[in-house]
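Data first, discussion second: the structure below is written as structure tokens.
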Amino acid sequence: MNAPLKGDDPSRSSYYVNDAFYRELIANFSNWQDDARAVTDVAMRDEFRRLLEREARLLDQLLYDEWLKMYAAECVYWVPSTPKAGDPRREISVMFDDRRRLEDRIYRLRTGFAWSQAPASRTVRLITNVEVFAAARDDSRMLRSNFLISEFWGNETRVLTGWAGHRILRDGAEWKIQAKQVNLIDCDQCIRNPSIIL
Amino acid sequence: MTALEKITPPHGRLGGTALYDWDYLVQEDRAHRLIYTDPAIFEAEMTRIFGGTWTYLAHESEIPNDNDFITRRLGLRPLIIVRDGGGKIRALYNRCTHRGTTLCRWDKGNAKSFQCPYHGWNFLNTGKLRGVPWPDGYADDMRDPKYNLAQVPRVESYRGFIFGTLSLDALPLAEHLGPIAKIIDEWLDRNPGGKVVVCEANRFLFKGNWKLAYDNSCDGYHVAYSHRSLLETENRFAGENAKGMAYYRNSPDTQPMYMRYTGHGNHFKDKRPNLEKRPGGLWALEGAHPGMEHYEAEFLRRYGERALLLLDLAGSEPVNINVFPNFSLLGNHIQVFEPISVGETNAIWYGTMIVADDSVPSDAATDINALRMRTQEGFPNFGEVDDIANFEQIQRGLMAVEDEWVYMHRGLGIPDRVKQNVDGTITAPATDEAFMREHFKEWKRLMKSPQNLAITREP
Ligand code: FES
Ligand SMILES: [Fe+2]
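Chains as they are written, first to last, in our numbering: chain Y, 1 to 198; chain L, 1001 to 1459.
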């Protein structure tokens, strides 16, 4: 077993998804939408609203490389399978991707043999009700937004909707997405062809 | 003793068994498109298959405590699967005996009784009618058993898997499972205590007939093509074909894996012989999963030589164990097919986790499960989505009325390819369609036979 050394490229090995990571993730995504922590500064809210709108546009345009650059090297994309999002160590998720699995997801879509996306869905995303909350760390924020994705695939247009929580982290002059939790309103129901990135 | 109410064939246009010439629709080498597309055949299946044979309903770990319930279906019948106050597992019809309202609209919960939201009739979770509002408005005795909830008359578990049937002629469950019971045992016994616990699911809906999923359940022919994107992704760093189901890529029929038909529509794809027989042999095949390098290093540090055995518990067991018509154990999943209409089906991949015991302490079990959740999410996300897209496209293709047949004759007529074993099972190479030819014999037997079905109610 030639395991790479700890600290290696998270695109190639997954050392950061460990028990401490799960515990922090659960803590960060519990009871965080607290009015007392709401960020009311208009300029800051606008900055984060633009970040979410840009993410939506890049996904609609299938610009995955650009999209991935919005994420921290050690990141997670999490679509829980229950409305209250239980402990992902003991609950199957609709999707739970670390950095490498996100890259796998994109790699697969680009093979040309991902029949569930051949031809690819066309999507238009509406992102609204953006709220910003202070996080445990000063260099971090929590964002809540509602989304409505219209997806044209298989000769019909359907709607995927819910709300998302983003944990973002200051990285020099930029903010990077460290964790994105996507809460589909029908996450515990059977979903037709869940193969786009939400 | 509870009263059985015999079910006579539905009145009206279906009647009896003469709906179609079943021998014409299902032949040795091919099946007619109508069996996937005809609403009248679907309607008949909802009694003769889903009702006429053992159908998987739920896992006991989903209702661990007395008075726990979950709502499920048997074919299209809405059911409440309960563990009543005495610990007995029942499959109650989720249908008020007054005017037919579903009593319970929740997916799961704990309740000693169910009150109908329409006029308030109240039923114990044994199915017995406890009371109705203003009973003096009824001339007859409301304690008549006909007002108690209908129930599936035969509900049996095999090592935690709950099945039900309306058929009075079906063999007891363990006998019905026959040789595949031993394979189920092996699947369970690789886990500590021989147990698994269901822990949510990857849930899919597809616009296609339910049989398309069962026809795929033992199919080794599609893997290299339908799952090409998965195989390429899993092996993008592996150099040569090394990970996941890469053994399907090069002449899969020459690999040691095989399929076995075990009777009553049940079959089994055994890919275990492809593995190296050593601790860690299963783990070695796993593609990339979140956290795997961390947990692997941690396990080696903490448990030394035992680490590889523990890691194998997070690996995806390379079998497909299929019980006709709606149940499949594959990897670590319990996959269930739920027909909705002739052209719509749910395919639910219930995840399973392990439970700590003497051999696996609880901190190890927690970490194995953390890894086991991530390994289980891999295939539904990167594999199943493509199969389901293909099922939908079959349903679309079968709308071509004049082109009538689908073929399932791979392996048929080749000397020495399909082997009849002394125990009555049938073995064939991994890409053979013998499993499909055989489960369609069972389908046809059930569709043809005059059935001895019943429901029951508490006395
Ligand atoms: S329909 Fe249930 S009480 Fe009337
Ligand atoms: Fe498949």
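We put the CB at the ideal spot given by N, CA and C, even for glycine.
Residues that DSSP places opposite residue i in a beta bridge
{"i": "Gln1151/L", "result": "Leu1092/L, Thr1456/L"}
{"i": "Arg1083/L", "result": "Ile1089/L"}
{"i": "Lys1108/L", "result": "Ile1070/L"}
{"i": "Gly1164/L", "result": "Thr1055/L, Val1155/L"}
{"i": "Tyr1350/L", "result": "Ala1201/L, Ile1334/L"}
{"i": "Gln1115/L", "result": "Asn1122/L"}
{"i": "Thr1345/L", "result": "Phe1206/L, Pro1339/L"}
{"i": "His1267/L", "result": "Tyr1261/L, Asn1322/L"}
{"i": "Gly165/Y", "result": "Arg144/Y, Gln181/Y"}
{"i": "Ser209/Y", "result": "Nothing about residue 209/Y can be read from this structure; chain Y reaches only from 1 to 198."}
{"i": "Tyr1407/L", "result": "Arg1030/L"}
{"i": "Tyr77/Y", "result": "Asp97/Y, Lys180/Y"}
{"i": "Asp1038/L", "result": "In DSSP, Asp1038/L forms no bridge with anything."}
{"i": "Phe1050/L", "result": "Thr1053/L"}
Cβ neighbour criterion (16 or more within 10 Å) applied to residue i
{"i": "Thr40/Y", "result": "exposed"}
{"i": "Trp1405/L", "result": "exposed"}
{"i": "Tyr1138/L", "result": "exposed"}
{"i": "Thr1254/L", "result": "exposed"}
{"i": "Thr123/Y", "result": "buried"}
{"i": "Tyr1118/L", "result": "exposed"}
{"i": "Glu1384/L", "result": "buried"}
{"i": "Asp46/Y", "result": "exposed"}
{"i": "Met1353/L", "result": "buried"}
{"i": "Ala1364/L", "result": "buried"}
{"i": "Gly1351/L", "result": "buried"}
{"i": "Trp1210/L", "result": "buried"}
{"i": "Ile1081/L", "result": "buried"}
{"i": "Arg101/Y", "result": "buried"}
{"i": "Leu109/Y", "result": "buried"}
{"i": "Trp1134/L", "result": "exposed"}
Pick from the options that is closest to residue i, judged by C-alpha positions
{"i": "Gly1424/L", "options": "Arg1105/L, Thr1262/L, Gly1120/L, Asp1144/L", "result": "Thr1262/L"}
{"i": "Pro1339/L", "options": "Gln1376/L, His1222/L, Gly1208/L, Glu1296/L", "result": "Gly1208/L"}
{"i": "Gly86/Y", "options": "Met1447/L, Ala1434/L, Ala1370/L", "result": "Ala1370/L"}
{"i": "Glu1028/L", "options": "Asp1270/L, His1409/L, Gly1160/L, Gln1451/L", "result": "His1409/L"}
{"i": "Arg167/Y", "options": "Ile185/Y, Asp139/Y, Thr157/Y", "result": "Asp139/Y"}
{"i": "Gly162/Y", "options": "Gly172/Y, Asn155/Y, Lys176/Y, Gln181/Y", "result": "Gln181/Y"}
{"i": "Pro1039/L", "options": "Val1336/L, Glu1344/L, Val1223/L, Pro1318/L", "result": "Glu1344/L"}
{"i": "Ala73/Y", "options": "Thr82/Y, Ile149/Y, Pro10/Y, Asn193/Y", "result": "Pro10/Y"}
{"i": "Lys69/Y", "options": "Glu55/Y, Asn129/Y, Ile185/Y", "result": "Glu55/Y"}
{"i": "Ser1316/L", "options": "Gly1086/L, Thr1366/L, Ser1362/L, Arg1374/L", "result": "Arg1374/L"}
{"i": "Ala1201/L", "options": "His1059/L, Leu1079/L, Ile1162/L", "result": "His1059/L"}
{"i": "Tyr1258/L", "options": "Ala1044/L, Glu1438/L, Ala1428/L", "result": "Ala1428/L"}
{"i": "Arg1099/L", "options": "Val1132/L, Lys1108/L, Asn1110/L", "result": "Val1132/L"}
{"i": "Val1152/L", "options": "Tyr1093/L, Met1245/L, Leu1311/L", "result": "Tyr1093/L"}
{"i": "Leu1004/L", "options": "Arg1445/L, Ser1167/L, Val1342/L, Phe1391/L", "result": "Ser1167/L"}
{"i": "Val1319/L", "options": "Pro1145/L, Ile1183/L, Gly1265/L", "result": "Ile1183/L"}
{"i": "Ser150/Y", "options": "Ser121/Y, Arg110/Y, Asp171/Y", "result": "Ser121/Y"}
{"i": "Val1198/L", "options": "Asn1332/L, Leu1076/L, Asn1216/L, Leu1285/L", "result": "Asn1332/L"}
{"i": "Trp1283/L", "options": "Glu1276/L, Arg1306/L, Leu1311/L", "result": "Leu1311/L"}
Test item: CB-CB of residue i and residue j under 8 Å
{"i": "Met1046/L", "j": "Ser14/Y", "result": "no"}
{"i": "Asn1346/L", "j": "Cys190/Y", "result": "yes"}
{"i": "Ser93/Y", "j": "Glu1377/L", "result": "yes"}
{"i": "Trp1054/L", "j": "Thr1233/L", "result": "no"}
{"i": "Ala1150/L", "j": "Arg1095/L", "result": "yes"}
{"i": "Leu51/Y", "j": "Trp175/Y", "result": "yes"}
{"i": "Leu1453/L", "j": "Gly1052/L", "result": "yes"}
{"i": "Phe1042/L", "j": "Leu1074/L", "result": "no"}
{"i": "Arg144/Y", "j": "Ala134/Y", "result": "no"}
{"i": "Leu1177/L", "j": "Tyr1158/L", "result": "yes"}
{"i": "Leu1212/L", "j": "Gln1335/L", "result": "no"}
{"i": "Gly1085/L", "j": "Asn1110/L", "result": "no"}
{"i": "His1032/L", "j": "Gly1265/L", "result": "no"}
{"i": "Phe1337/L", "j": "Tyr1247/L", "result": "no"}
{"i": "Ser1226/L", "j": "Asn1390/L", "result": "yes"}
{"i": "Met1447/L", "j": "Arg1048/L", "result": "yes"}
{"i": "Ile1070/L", "j": "Asp1107/L", "result": "yes"}
{"i": "Leu1300/L", "j": "Pro1279/L", "result": "no"}
{"i": "Gly1220/L", "j": "Gly1287/L", "result": "no"}
{"i": "Phe1206/L", "j": "Tyr1056/L", "result": "no"}
{"i": "Ala38/Y", "j": "Glu131/Y", "result": "yes"}
{"i": "Ala1314/L", "j": "Ile1368/L", "result": "yes"}
| Pick out every residue whose C-beta is nearer than 5 Å to a heavy atom of ligand 1: which are they, in chain order? | Cys1096/L, His1098/L, Arg1099/L, Thr1101/L, Cys1116/L, Tyr1118/L, His1119/L, Trp1121/L
| Near-chain A residues of the stretch 1274-1301 of chain L - C-beta to any C-beta below 7 Å | Among the protein chains in the structure shown, which are Y and L, there is no chain A.
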